[in-house]
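> Before I ask anything, let me first share the structure, which is written out below as structure tokens.
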């Protein structure tokens with residue numbers, strides 16, 4: 009299996025950054041598009057488990073976006089072959105001492121790269 013084929017890394021990085029821009033501007037339609045439209049899509053987060061695209065979309069549409077600004081650091085995107093990738097990143101928020109952590113599993117589907125699983129958590133400042 010080929011790991012980190014440059015053009016595949018570039019494709020996933022572009023999709024990852026599109027997600028990041030949409031998150032920062034609360035562009036819920038784009039966020040919805042970038043998650044796999046399936047009842048099997050999963051997101052673990054500080055507020056619990058969201059199972060299914062509909063649950064993720066409802067969460068995004070209802071959430072308060074105050075303080076969502078963040079700066080990414082230590083982002084690592086690893087691709088496996090042509091159709092699977094994992095994106096991991098940490099983030100800092102201006103009004104928080106905690107370091108945010110985010111993991112996403114991306115799969116190339118017929119409609120393009122989609123997040124099929126995500127995990128978001130904070131690591132408190134020690």
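Residue numbers (this note's numbering): 9 to 134. For glycine and all other residues, C-beta sits at the position ideal for the given N, C-alpha and C. Remember, predicted model here, so these are calculated numbers, not experimental data.
(1) Quick one: which unbroken alpha helix (DSSP H) runs of 4-plus residues sit fully inside the stretch 33-82? Chain order, please.
(2) Is the number of C-beta pairs between the stretch 9-28 and the stretch 112-119 that are closer than 8 Å three or more?
(3) Once you ignore the five residues that flank residue 17 on each side, which residues in its own chain have a CB closer than 7 Å to its CB?
(4) On the premise that residue 122 lies in contact with residue 44, defined as a C-beta separation below 8 Å, what is that separation, rounded to the nearest angstrom?
(5) So what does DSSP say about residue 84, is it helix, strand or coil?
(6) Work out the CA separation of residue 39 and residue 126 for me, nearest whole Å.
(7) Beta-carbon separation of residue 124 and residue 48 under 9 Å?
(8) Does any residue of chain C have a CB that is nearer than 9 Å to the CB of residue 85?
Reading off the structure:
(1) 36-42, 61-70
(2) Taking 8 Å as the limit for Cβ pairs, the verdict is that the stretch 112-119 does touch the stretch 9-28.
(3) 85, 87
(4) 4 Å
(5) If DSSP states are grouped into helix, strand and coil, residue 84 belongs with the strands.
(6) 12 Å
(7) yes
(8) Protein chains in the displayed structure number just one, and chain C is not present.
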